[in-house]
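Engineer:
Number of protein chains: 4
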Amino acid sequence: MVRVAVIGATGYTALELLKLLARHESATVTVVTSRQYEGVPLHTVHPALESLYDLKFSAADVANISNNADVVFCCLPHAASAEFICQFDDSVKIVDLSADYRLNDVETYESLYKTRHPQPELVGQTAYGLPEWFASEISQSRLVANPGCFPTTAILALAPLIKNQIIDTTSIVVDSKTGLSGAGRTEKLAFHFPECNESMWAYGVGSHRHGPEMEQIIQRATGVQPQITFVPHIIPVTRGILSTIYVHPTAGNSVDSINAAWREIYDSQPFVRFPEQSPQLKNVAHTNFCDLWCQPAGEHIVLVSAIDNLIKGASGAAVQNFNLMIGCDQRHALC
Amino acid sequence: MVRVAVIGATGYTALELLKLLARHESATVTVVTSRQYEGVPLHTVHPALESLYDLKFSAADVANISNNADVVFCCLPHAASAEFICQFDDSVKIVDLSADYRLNDVETYESLYKTRHPQPELVGQTAYGLPEWFASEISQSRLVANPGCFPTTAILALAPLIKNQIIDTTSIVVDSKTGLSGAGRTEKLAFHFPECNESMWAYGVGSHRHGPEMEQIIQRATGVQPQITFVPHIIPVTRGILSTIYVHPTAGNSVDSINAAWREIYDSQPFVRFPEQSPQLKNVAHTNFCDLWCQPAGEHIVLVSAIDNLIKGASGAAVQNFNLMIGCDQRHALC
Amino acid sequence: MVRVAVIGATGYTALELLKLLARHESATVTVVTSRQYEGVPLHTVHPALESLYDLKFSAADVANISNNADVVFCCLPHAASAEFICQFDDSVKIVDLSADYRLNDVETYESLYKTRHPQPELVGQTAYGLPEWFASEISQSRLVANPGCFPTTAILALAPLIKNQIIDTTSIVVDSKTGLSGAGRTEKLAFHFPECNESMWAYGVGSHRHGPEMEQIIQRATGVQPQITFVPHIIPVTRGILSTIYVHPTAGNSVDSINAAWREIYDSQPFVRFPEQSPQLKNVAHTNFCDLWCQPAGEHIVLVSAIDNLIKGASGAAVQNFNLMIGCDQRHALC
Amino acid sequence: MVRVAVIGATGYTALELLKLLARHESATVTVVTSRQYEGVPLHTVHPALESLYDLKFSAADVANISNNADVVFCCLPHAASAEFICQFDDSVKIVDLSADYRLNDVETYESLYKTRHPQPELVGQTAYGLPEWFASEISQSRLVANPGCFPTTAILALAPLIKNQIIDTTSIVVDSKTGLSGAGRTEKLAFHFPECNESMWAYGVGSHRHGPEMEQIIQRATGVQPQITFVPHIIPVTRGILSTIYVHPTAGNSVDSINAAWREIYDSQPFVRFPEQSPQLKNVAHTNFCDLWCQPAGEHIVLVSAIDNLIKGASGAAVQNFNLMIGCDQRHALC
């Protein structure tokens with residue numbers, strides 16, 4: 008059994024991770040941490056986990072975790088995450104669910120996240136945890152940067168097309184719609200039920216940090232950095248991201264080229280599907296699948312990419328990475 | 008008192024219209040029709056109207072309606088609507104909530120709606136019921152074509168910018184999100200609660216009939232026909248449309264030019280607002296307002312336009328047109 | 008024009024009140040107060056009110072309000088409300104939307120609300136603002152206690168039956184379901200969207216303050232104080248309360264007696280309706296109606312009572328009381 | 008591997024069953040049937056199952072199923088289910104998810120379901136598939152009647168209390184709230200999204216068929232038949248039932264007696280939990296758990312019982328029964 012610690016275990020990604028790990032035959036959770044709830048039973052904060060675990064929250068003590076865990080899932084906020092991770096030596100493997108090790112360069116990180124990075128030498132050197140593109144890197148890594156939720160939808164849809172020069176790499180529009188669990192488990196007036204139920208809005212227009220992540224990782228995967236206009240929207244569902252992506256095909260290309268490129272790269276992958284109709288959130292909710300589909304419209308081709316933001320967009324991807332890192336089938340606990 | 012008939016009064020637009028007309032001091036509803044519910048009390052189909060009206064559904068008899076109504080709101084489906092309307096002489100004014108008289112030419116109509124038009128000579132000659140652009144035409148008309156819901160959001164946002172040559176007229180993306188009431192009050196598996204709750208999807212990609220309507224009416228308003236890629240999405244709310252519109256400014260233009268153009272045209276209009284933040288459906292729900300806002304993002308400028316699809320996108324616009332047609336303040340029953 | 012002040016104008020009941028007052032032909036809002044937002048435009052906090060008002064929040068200054076308002080709607084929290092109200096002299100009329108003046112005796116108030124009452128002499132002496140039962144008292148009052156939302160559903164259903172001795176007054180069960188706007192506009196983890204969407208729960212079991220309010224006001228209306236077991240539940244809608252009430256008919260009584268008693272008392276009232284089918288929240292949402300219905304089930308008769316908690320359960324009732332207090336038709340701005 | 012057939016596989020319970028069976032290590036689905044979709048791939052109807060199964064719908068042919076399946080899950084509507092099941096001989100085990108074999112006597116069945124029963128001799132003789140009460144019967148049965156969703160919540164809460172004479176068996180109120188998936192996957196105006204979103208209503212008041220099922224099975228479990236007034240309500244969520252149950256304790260009994268009785272019977276059961284706070288749908292959604300909790304209120308004790316109607320209320324219970332019938336741990340595929 009691989010012993011597992013979950014750091015910062017009070018949020019939604021940790022909750023989802025613990026639900027998945029409860030089904031994992033090769034993993035046993037030994038440590039869950041929370042500064043605020045030290046000593047409190049896990050199920051007091053997460054009643055959904057009652058009877059699945061008999062654990063109490065402890066403080067996030069590096070020595071204790073090193074002694075009791077082989078793999079650490081770090082669910083701390085950005086900056087706090089790197090501060091914590093940089094204290095571990097090589098004996099422990101780590102999946103970092105924050106944004107701290109995702110980007111290609113430390114300048115972009117520090118400019119976007121308005122903070123100094125405690126381990127700048129690892130930025131750009133850390134495996135990006137999208138197994139569909141970086142599986143061999145992930146399986147050999149001690150530290151894996153779990154992808155952002157919006158970038159997962161965009162990179163999976165766009166990277167094959169950019170790699171195969173099927174679309175223009177400028178003037179790409181990624182219009183994403185996300186459920187509220189993406190905002191985390193922290194009360195905020197904007198996410199108070201009557202404020203967002205029966206409503207919807209765009210946010211982070213022109214400034215959301217996941218835009219540069221999409222561009223940089225596509226560059227890492229394909230060698231070409233696209234120009235993406237990314238606008239996320241809040242919609243009143245709990246789970247799921249649906250991204251509608253507007254691209255211009257290069258000369259001679261069409262939806263057939265797109266479908267062929269997608270299938271060539273993803274047919275061997277267990278978690279990318281090609282539904283016959285436009286993807287719907289409900290078909291990917293509570294799964295690790297990404298559903299991809301395309302259709303011509305006006306002078307564009309429209310790509311639609313859908314995931315569960317908490318699973319393929321966070322904790323499911325983390326378990327998929329964990330499976331590669333411990334050398335077992337990447338589908339473990341995810342089907 | 009202006010005597011009013013509502014034809015096809017079992018659907019959501021009719022329900023909403025009847026709620027608004029119940030507050031209208033110059034209108035009295037004398038006839039509500041339904042083939043299926045002839046003889047049945049109005050409140051049996053619409054319990055929300057109980058105690059507001061003491062009416063029964065009758066058949067849609069042209070002679071009877073002509074005798075008992077000065078103005079007819081026609082809420083029939085397309086094709087059925089024109090078949091009915093073409094039987095009236097000039098003694099009755101009509102607001103048509105269907106798509107039958109909206110487009111610029113009959114060829115586009117017949118190709119999109121797959122039917123012959125019974126009054127082809129009126130297509131392109133009928134006032135388009137968007138008072139912000141066609142008020143004087145509307146006030147002099149006997150027949151007004153009430154706008155489509157999605158076109159209302161797009162035309163109000165785009166027409167001032169195209170008229171003032173502030174944006175490129177090609178490669179415009181209109182990504183719209185609509186609540187389910189837009190699908191009408193007819194049971195269909197796709198709109199069964201468990202099928203659309205906690206879900207979302209794109210539909211009509213590359214084929215929705217409101218795309219050409221946007222392009223043609225902007226041409227009518229500004230003289231220039233833009234190329235629009237329009238993709239609507241279903242989101243799990245009952246009411247509201249939020250359209251996110253991606254445009255390229257022409258040289259020297261910016262959000263300032265856009266805000267100036269909007270304000271120049273709409274500052275005298277009672278139902279267009281400019282919120283400080285990104286529009287939210289909840290702020291326009293149950294109102295006749297259209298909220299407009301813009302922000303730069305990547306190489307685009309992003310416009311956001313929000314309405315209540317049943318009010319400004321249908322029945323509120325119909326009352327606004329009615330007010331102009333009977334010569335009263337267009338805000339009657341709408342504030 | 009009656010000049011109106013709204014005190015504590017940042018919450019949902021104030022927002023709803025201001026929407027209603029914008030349609031009121033005899034009222035003009037002159038003052039809106041907020042400690043936190045003094046000097047800020049009203050529409051910055053409530054974008055839905057943009058273009059309906061041109062007001063800024065001011066501090067809640069008694070002298071200023073007395074000079075500029077004829078009627079005050081007080082939307083402060085309990086205790087704060089009475090502290091504020093007791094500073095006014097008789098020149099100003101007041102509708103208090105808090106619980107401070109609703110109960111029959113100060114002992115119950117202080118025990119339930121855990122605070123001393125600054126005007127104990129008015130507790131039990133203040134008109135309870137349920138016009139269906141206390142209209143003449145309300146129209147002669149300077150201060151009216153606007154009813155609680157749950158009590159409105161229960162009192163309207165039960166008082167006619169208890170007055171006419173149609174049901175046992177012990178062992179009554181009131182099982183209420185409320186939307187989230189009832190929880191107010193204050194962020195709280197329990198009301199964070201992902202915590203309550205797709206969920207539901209009972210709360211305040213055995214301890215909710217509206218239980219005693221129901222019992223005491225029914226006593227005031229009928230002379231008999233019933234024993235009520237009241238359990239409210241949170242359901243994931245924004246607006247509306249549906250109460251399912253289980254009663255035992257006394258010998259010889261049935262649904263017919265209940266319907267007869269209801270109609271005798273309410274047929275002259277504009278805001279109580281008797282739908283043919285079980286009431287549905289959507290039919291009362293955004294209205295001032297209370298829909299009542301009953302049906303036998305097992306050894307009980309089941310009463311169902313539905314309102315919009317923000318309208319008939321709060322701000323609509325407040326306007327209805329205001330109409331009585333200023334001597335105009337109680338339907339003004341409410342139909 | 009146990010070969011499994013799912014009959015009537017187009018509905019929500021079949022979809023959920025197939026999701027669970029995809030994770031079951033000892034089961035392989037060999038047949039899925041649908042009259043309407045014969046020959047169509049399973050994922051065309053259920054896109055959520057794409058890549059989990061490579062099956063097409065076939066007709067429900069008894070010989071073919073007998074040859075290819077060891078266990079049959081029958082998801083047909085009542086009456087159709089028994090018609091089908093009575094054609095099988097003893098070589099096949101069957102879990103029937105309809106109501107056909109649940110009740111104690113055929114008279115009640117025929118009176119409630121308005122149809123003659125094709126196998127009256129089995130009514131009252133078939134194991135009721137609630138393992139917490141009838142596990143040994145289930146494990147020895149060839150045919151198991153899977154429980155109704157509402158009865159599951161009521162029986163689990165009430166049976167221990169009635170068995171131990173802790174509560175009065177008359178005047179019990181069961182006020183249940185269910186999500187829309189309980190209404191099945193058939194379009195119907197009442198369940199059209201805009202009809203039920205932001206709404207709620209009571210239905211089947213005094214006539215719902217699950218009331219007698221609760222009473223009869225509690226009698227079978229405890230020897231005493233209680234009198235239950237049962238009122239179900241539709242609430243706008245997809246999944247979950249929360250039942251609020253009002254009981255009178257017998258002399259000397261209290262919440263302590265109730266908690267003790269529950270724990271004595273259920274502490275050895277894997278799927279009954281006792282949360283510290285009032286149960287919430289979200290904590291049981293997508294699980295096979297039933298959460299039980301109680302609190303005094305007025306002269307009653309209030310019991311709250313919550314399940315996922317599609318899992319513990321249908322397909323999860325079916326898999327739990329299947330596990331018992333094939334002799335494996337009842338938690339297989341359910342944790």
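Just so you know, the protein sequences line up as chains A, B, C and D, in that order. Using the working numbering, the letters of the first sequence map in sequence onto residues 8 to 342. Using the working numbering, the letters of the second sequence map in sequence onto residues 8 to 342. Using the working numbering, the letters of the third sequence map in sequence onto residues 8 to 342. Using the working numbering, the letters of the fourth sequence map in sequence onto residues 8 to 342. Ideal placement from N, C-alpha and C gives every residue a C-beta, glycine not left out.
(1) So, with DSSP's three-state summary, where would you put I272 of chain A?
(2) Mind pulling the alpha helix (DSSP H) runs of 4 or more residues that sit fully within the stretch 69-120 of chain D?
(3) Start and end of the alpha helix (DSSP H) containing H307 of chain A?
(4) Put E205 of chain C into one of helix, strand or coil per three-state DSSP.
(5) With distances taken from CA atoms, which of A:V212, A:A324, A:T257 is nearest E306 of chain B?
(6) Opposite C297 of chain C in the DSSP bridges: which residues?
(7) Taking beta-carbon pairs under 7 Å, can you tell me which members of the stretch 291-315 of chain B lie near chain A?
(8) Since R280 of chain C meets chain F, which of its residues come closer than 7 Å, beta carbon to beta carbon?
(9) Y210 of chain D and S285 of chain C - do their beta-carbons sit closer together than 8 Å?
(10) When the cut-off is 8 Å and only beta carbons count, does F80 of chain A lie next to chain C?
(11) Along the chain, where does the beta strand (DSSP E) containing K26 of chain B start, and where does it finish?
(12) From the DSSP output, read off the bridge partner residues of K319 of chain B.
(13) What are the partner residues of K63 of chain C, as DSSP defines its beta bridges?
(14) Identify each residue in the stretch 194-210 of chain B for which the Cβ-Cβ distance to at least one residue of chain D is less than 7 Å, and report them in chain order.
(15) Output, in chain order, the set of chain C residues within a Cβ distance shorter than 8 Å of S188 of chain A.
(16) What is the C-beta distance between I225 of chain C and I169 of chain C, in whole angstroms, given that I count them as a contact (C-beta under 8 Å)?
(17) Say whether chain D places a C-beta atom closer than 8 Å to the C-beta of Y116 of chain B.
(18) Please confirm whether D103 of chain B and L150 of chain B have their CB atoms less than 8 Å apart.
(19) Can you give me, in chain order, the residues of the stretch 9-33 of chain B that have a beta carbon less than 8 Å from any beta carbon in chain C?
(20) Just verifying my parser: in three-state terms, what is the DSSP assignment at K289 of chain C?
(21) Are any of the Cβ atoms in chain A nearer than 8 Å to that of P243 of chain C?
(22) Taking only three categories from DSSP, how would you classify S261 of chain B?
(23) For the stretch 154-187 of chain D, list every residue whose C-beta sits within 9 Å of some C-beta in chain C, in sequence order.
(24) Against T343 of chain B, what residues of chain C qualify as contacts under a CB-to-CB distance less than 8 Å, listed in chain order?
(25) Under 6 Å Cβ to Cβ from V291 of chain D, same chain only, skipping five residues before and after it: list those, please.
(26) Please name the residue in A:L310, A:R246, A:A70 whose C-alpha comes closest to that of I162 of chain A.
(27) Please name the residue, chosen from A:D77, A:T160, A:T20, A:S41, that lies closest to E222 of chain A on a Cα-to-Cα basis.
(28) Using only the alpha-carbon positions, how far apart do L62 of chain C and P48 of chain C sit?
(29) Where do the N-terminal and C-terminal ends of the beta strand (DSSP E) with A152 of chain A fall, by residue?
(30) Considering only DSSP beta bridges, list what V11 of chain A is partnered with.
(31) For chain B, is any of its Cβ atoms less than 8 Å away from the one on P54 of chain C?
(32) From the DSSP output, which residues share a beta bridge with A134 of chain B?
(33) How about L83 of chain D and V326 of chain D: do their beta carbons lie closer than 8 Å?
(34) At which residue ranges does the stretch 159-229 of chain C contain complete alpha helix (DSSP H) runs of 4 or more residues, listed in the order of the chain?
(35) Check the Cβ of P239 of chain C against every Cβ in chain D and list those closer than 9 Å, keeping chain order.
(36) Going along the chain, which residues of its own chain have a beta-carbon closer than 6 Å to the beta-carbon of Q94 of chain A, five neighbours each way excluded?
Structural biologist: Quick look at the numbers:
(1) helix
(2) 69-75, 87-92, 113-120
(3) Here H307 of chain A belongs to no alpha helix (DSSP H); instead the beta strand (DSSP E) covers 307-314.
(4) coil
(5) A:V212
(6) C:V279
(7) A292, Q302, P303, A304, G305, E306, H307, V309, V311
(8) Going by chain labels, chain F is absent from the structure shown, which instead holds the protein chains A, B, C and D.
(9) yes
(10) no
(11) Looking at the DSSP string, K26 of chain B is not in any beta strand (DSSP E); the run it does join, the alpha helix (DSSP H), is 19-29.
(12) The partner list for K319 of chain B (beta bridge, DSSP) is empty, contrary to what the question assumes.
(13) C:P48
(14) E194, K195, L196, F198, H199, F200, P201, C203, N204, E205
(15) P201
(16) 6 Å
(17) no
(18) yes
(19) A29, R30
(20) helix
(21) yes
(22) coil
(23) T177, S178, I179, V180, D182, K184, G186
(24) Nothing about residue 343 of chain B can be read from this structure; chain B reaches only from 8 to 342.
(25) D298, A313, I314, D315
(26) A:L310
(27) A:T160
(28) 6 Å
(29) 150-152
(30) A:V36, A:V78
(31) yes
(32) B:V151
(33) no
(34) 200-203, 217-229
(35) What P239 of chain C touches in chain D: nothing, since even the nearest Cβ is about 10 Å away.
(36) V69
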